[in-house]
Amino acid sequence: MQVSYILHHLASCHPDDLRYRATIQKSLRILEEQEGYLKDFGIGKHQFYPRDVSDEEYVRRYLIIGNTHGAYYSRQRDFEETILPELGYIIARGNGLMIIKLILEFAQSGQAPKVEPLLIALAHCARFQVRDTQSKKKLPWDAKNDEEKLFPDDLCHDIRPAMESYYQKCLQHVALHCVHRICTDPIKLFKFINYCKSVSKSTALKKESKGWGRALRATVIKWYYNKSPERLAVLVTKYRNRTFFSHRDLFCLSHIRPKLTFSRENNYWKHYEDYEGIVQYVARGGERTRKMKQETFEVRQWKRSRLNPEELQRLEQGFDELNIKRNEKLKVIEAVVEKYRIKEKQKAVPVKNARDYIEAFDKFRYMNFQDEEEAVRLILQYGFEKEHVPLELLGSKKVWGAMLRNMPIRTLLANMGIMGSLELFSWNSNVFDELSETMNSIDAFFNSGDEIYTDFAGDSPAQLVVRRLSDSVKLEAAGFDPLELLFAKASYEYGQAPRGKYYWKPDVHIQKAFDSAFYKSLGGFPATGKRYLLSIDISESMDSFVNGAMLTYSQVAVAYALSLLQNEPNVNIVAFCSNLTPLEWKKDMSISECLSVAKTLKYGTVDCCHPMYWAIENAVEVDAFVIFTDINVLIKTVKPSDAIKIYREQMKIPNAKLVVVSMKDFALSMITSNDPDILIVCGVNSTIIKVINSFIDNFGVARP
Numbered sequence: 001m002q003v004s005y006i007l008h009h010l011a012s013c014h015p016d017d018l019r020y021r022a023t024i025q026k027s028l029r030i031l032e033e034q035e036g037y038l039k040d041f042g043i044g045k046h047q048f049y050p051r052d053v054s055d056e057e058y059v060r061r062y063l064i065i066g067n068t069h070g071a072y073y074s075r076q077r078d079f080e081e082t083i084l085p086e087l088g089y090i091i092a093r094g095n096g097l098m099i100i101k102l103i104l105e106f107a108q109s110g111q112a113p114k115v116e117p118l119l120i121a122l123a124h125c126a127r128f129q130v131r132d133t134q135s136k137k138k139l140p141w142d143a144k145n146d147e148e149k150l151f152p153d154d155l156c157h158d159i160r161p162a163m164e165s166y167y168q169k170c171l172q173h174v175a176l177h178c179v180h181r182i183c184t185d186p187i188k189l190f191k192f193i194n195y196c197k198s199v200s201k202s203t204a205l206k207k208e209s210k211g212w213g214r215a216l217r218a219t220v221i222k223w224y225y226n227k228s229p230e231r232l233a234v235l236v237t238k239y240r241n242r243t244f245f246s247h248r249d250l251f252c253l254s255h256i257r258p259k260l261t262f263s264r265e266n267n268y269w270k271h272y273e274d275y276e277g278i279v280q281y282v283a284r285g286g287e288r289t290r291k292m293k294q295e296t297f298e299v300r301q302w303k304r305s306r307l308n309p310e311e312l313q314r315l316e317q318g319f320d321e322l323n324i325k326r327n328e329k330l331k332v333i334e335a336v337v338e339k340y341r342i343k344e345k346q347k348a349v350p351v352k353n354a355r356d357y358i359e360a361f362d363k364f365r366y367m368n369f370q371d372e373e374e375a376v377r378l379i380l381q382y383g384f385e386k387e388h389v390p391l392e393l394l395g396s397k398k399v400w401g402a403m404l405r406n407m408p409i410r411t412l413l414a415n416m417g418i419m420g421s422l423e424l425f426s427w428n429s430n431v432f433d434e435l436s437e438t439m440n441s442i443d444a445f446f447n448s449g450d451e452i453y454t455d456f457a458g459d460s461p462a463q464l465v466v467r468r469l470s471d472s473v474k475l476e477a478a479g480f481d482p483l484e485l486l487f488a489k490a491s492y493e494y495g496q497a498p499r500g501k502y503y504w505k506p507d508v509h510i511q512k513a514f515d516s517a518f519y520k521s522l523g524g525f526p527a528t529g530k531r532y533l534l535s536i537d538i539s540e541s542m543d544s545f546v547n548g549a550m551l552t553y554s555q556v557a558v559a560y561a562l563s564l565l566q567n568e569p570n571v572n573i574v575a576f577c578s579n580l581t582p583l584e585w586k587k588d589m590s591i592s593e594c595l596s597v598a599k600t601l602k603y604g605t606v607d608c609c610h611p612m613y614w615a616i617e618n619a620v621e622v623d624a625f626v627i628f629t630d631i632n633v634l635i636k637t638v639k640p641s642d643a644i645k646i647y648r649e650q651m652k653i654p655n656a657k658l659v660v661v662s663m664k665d666f667a668l669s670m671i672t673s674n675d676p677d678i679l680i681v682c683g684v685n686s687t688i689i690k691v692i693n694s695f696i697d698n699f700g701v702a703r704p
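Using the UniProt record's numbering, read the sequence shown as starting at 1 and increasing by one per residue.
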């Protein structure tokens with residue numbers, strides 16, 4: 001089942017390349033056989049939790065939560081725990097294919113709230129104890145005085161025999177074939193390379209390895225050449241550098257050149273002139289960049305002229321030797337590549353669009369406010385996006401209006417404020433009429449494959465936004481969560497930026513479209529069929545704003561409650577008063593109506609043990625306790641982890657779960673890695689509903 005799933009997803013990217021499919025199929029077949037041998041060998045299982053948790057559940061937990069302990073950090077940016085010995089144990093037991101299958105599954109379905117755990121897990125499969133130099137180097141456990149070890153000595157004895165060379169190579173081969181599926185844009189590719197570097201440095205057979213073997217170099221080269229020239233031109237200009245890497249760095253590290261193993265159907269043989277032009281642009285820069293480099297070169301020449309003759313002669317001799325060796329290698333490669341080019345020359349189709357795009361961008365990136373008209377024309381013709389636009393031009397009303405033609409929905413919602421401050425959404429705005437005239441003067445447009453949302457004639461920016469927010473099918477296809485829409489709605493309705501940089505007047509029609517989109521999205525979660533007890537803190541401090549947003553903690557809690565009422569049949573909602581008091585909320589109520597009902601009650605102290613005791617006293621059967629509060633969870637007489645254990649024993653519900661959502665990144669005293677059925681959510685973001693639902697549904701794994 002795993003083999004067929006992985007083969008289907010990887011082979012679908014190149015349906016015409018039979019050689020590619022046969023290579024993948026062979027590696028998967030060998031890998032499946034080797035995993036069977038490892039499982040029969042009987043590697044000792046390392047217990048990550050006191051209770052029995054399967055390898056699949058553990059991997060699913062990591063891909064969704066993002067760490068190996070029972071806490072989800074909503075504002076986590078840096079994933080310091082890049083090296084995970086637990087994933088090494090799972091790979092050693094012959095479950096590498098299972099990890100790859102889950103990575104592909106989560107990437108396609110969008111279940112994982114963050115992409116970093118997927119990339120880290122894939123880097124482990126691709127570079128864990130990488131064996132690129134196995135024939136020349138000893139195994140690490142045969143080396144003497146080796147201080148760096150991933151596993152403790154008492155566990156290495158069981159794991160070492162299982163790390164078979166054949167199994168590791170096949171797993172790494174399959175994992176690297178998944179890169180083009182997971183790394184859909186350069187940002188993800190740069191992050192993956194960075195994680196590969198960390199994993200290789202700590203676990204590779206070669207000490208201090210950077211992981212840049214032949215396999216990884218070939219993967220990076222194929223990632224670039226498998227893109228069409230038009231798409232590649234957009235990617236290298238839109239995402240120029242991230243996470244300490246740039247395209248030029250990857251070109252140098254991978255020694256980018258066309259592989260002789262490329263199939264005849266590969267785009268390179270049809271458009272090799274365009275690919276070489278893009279590579280040359282990335283490596284040497286545009287015309288203006290080359291002039292700057294020429295000036296720098298002249299300065300270096302002047303400094304070199306001041307050296308004494310003997311030292312200058314030694315330097316020149318060294319450069320000549322390097323150039324001779326380099327040219328000898330390139331002559332052989334270019335001769336073979338030229339044969340392929342001659343064969344395919346008659347079929348070659350020059351893509352003038354890609355070269356024109358690069359030239360237009362090199363001109364566009366240095367424009368300022370005085371070149372507004374020319375910049376608008378280039379945006380309409382080539383579809384330049386926000387990442388392409390120079391900073392000075394982001395204050396232009398017409399520039400933003402031109403970008404609305406093919407602007408992605410998430411970029412649109414993230415920049416509603418700045419566009420509103422430029423009065424782009426006023427109904428008497430004639431920006432689209434002016435843009436329509438400019439479009440009529442353009443002869444040909446660059447085709448990047450992006451969807452076009454308006455042609456400006458007879459349209460307005462406000463109507464365009466309302467129309468896109470009303471398209472619930474496309475919003476669902478884009479993977480929008482209710483909280484994501486609620487965050488965007490609250491920020492727009494507030495009428496000013498968080499630090500007061502700019503102000504705007506919210507449009508009534510856009511506000512109604514936001515409301516409609518939000519309430520429609522509440523019913524988009526699959527039902528888990530669990531019995532819920534939702535406990536909400538109703539104190540005045542819950543009216544504080546979420547850090548960095550114009551949304552209050554109480555609104556977030558109500559949004560989660562409404563999503564439960566919309567999708568689950570058995571939900572009890574209580575408030576922390578002097579005693580737990582039921583809240584009479586219904587699924588057809590709005591957020592403001594729910595808050596009005598809560599304000600009629602007198603709030604009390606918050607004790608995370610009360611929901612479990614209340615359920616025992618009232619004989620309420622609960623599968624999931626969810627608590628929303630904005631204060632630090634103080635442990636008084638009984639720990640909440642002990643209270644949930646008491647509830648499980650007395651009510652005979654052994655898998656009852658506890659979720660504590662601490663709005664202000666507190667509750668650190670609650671974090672525990674000893675109970676897999678307790679989750680602490682630290683902070684608030686737009687994905688916490690998805691994370692909580694996955695946790696309560698046991699990450700999709702059935703338990704006995």
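For each residue, glycine too, the CB sits at the ideal point set by N, CA and C.
- Y195 and Y494 have their alpha carbons spaced roughly 39 Å apart.
- For the set H610, P117 and C178, the Cα lying nearest the Cα of I646 is the one of H610.
- Contact annotation: Q129 and T243 have beta-carbon atoms that are not nearer than 7 Å.
- In this structure the region 606-621 does not touch the region 545-564; the number of beta carbon pairs closer than 8 Å is below three.
- The alpha-carbon of V399 is positioned some 19 Å away from that of A444.
- With a threshold of 16 other beta carbon atoms within 10 Å, A559 meets it and is buried.
- Under the three-state reduction of DSSP, Q313 is assigned to helix.
- Within the same chain, Cβ atoms closer than 8 Å to the Cβ of I692 are found at Y560, V626, V659, V661, L679 and V681, the five residues on either side in sequence being excluded.
- By the Cβ criterion, the region 493-513 is in contact with the region 416-426, since at least three pairs of Cβ atoms, one from each stretch, lie closer than 8 Å.
- With fewer than 16 other CB atoms across the displayed protein chains lying within 10 angstroms of its CB, G500 is exposed.
- With fewer than 16 other Cβ atoms inside 10 Å of its own Cβ, K26 counts as exposed.
- Counting only runs of 4 or more residues that sit fully inside the region 217-250, the alpha helix (DSSP H) segments are 229-238, in chain order.
- Taking 7 Å as the cut-off, the Cβ atoms of Y268 and Y225 count as close.
- Exclusion of the five residues before and after L394 leaves no residue of its chain whose Cβ lies closer than 6 Å to its Cβ.
- According to the DSSP assignment, L534 belongs to no alpha helix (DSSP H) but to the beta strand (DSSP E) extending over Y532 to I536.
- Remark: C-beta atoms of D274 and P229 approach each other more closely than 7 Å.
- When rounded, the separation of the alpha-carbon atoms in D537 and F251 is 54 Å.
- Residue environment analysis places K512 among the exposed positions, since fewer than 16 neighbouring C-beta atoms fall within 10 angstroms of its C-beta.
- For P113 and I688, the gap between their C-alpha atoms comes out near 8 Å.
- Put simply, the backbone Cα of L119 is about 16 Å away from that of K201.
- Here P582 is bridged, per DSSP, to V574.
- A residue is called buried when at least 16 other Cβ atoms come within 10 angstroms of its Cβ; Q172 meets this threshold and is buried.
- Leaving aside the five residues that flank T552 on each side, the residues in its chain whose CB is nearer than 8 Å to its CB run, in chain order, M542, D543, S544, F545 and V546.
- If you compare the alpha carbons of E476, F432 and I442 with that of G458, the shortest gap goes to F432.
- In the same chain as I99, and ignoring 5 residues on each side of it, the C-beta atoms closer than 8 Å to its own belong to V59, L87, I90, I91, A121, H124 and C125, in chain order.
- Assignment of beta-bridge partners to L658 by DSSP yields F625 and I678.
- By the neighbour-count criterion, in which a residue is buried when 16 or more other Cβ atoms sit within 10 angstroms of its Cβ, V279 is buried.
- DSSP, read as helix, strand or coil, puts T23 in helix.
- Per DSSP, reduced to three states, the secondary structure at F369 is helical.
- In this structure, the beta-carbon distance from S521 to L485 falls below 7 Å.
- Per the DSSP secondary-structure output, Q381 pairs with nothing in a beta bridge.
- The beta carbon of A488 sits closer than 6 Å to those of L413, all from its chain and outside the five residues before and after it, given in chain order.
- A549 carries a coil assignment under DSSP once its states are collapsed to helix, strand and coil.
- Per DSSP, reduced to three states, the secondary structure at A497 is coil, with no helix or strand assignment.
- Collapsing the DSSP output to three states places A71 in a strand.
- Between I24 and L97 the beta-carbon gap is near 12 Å, outside 8 Å, which marks them as no contact.
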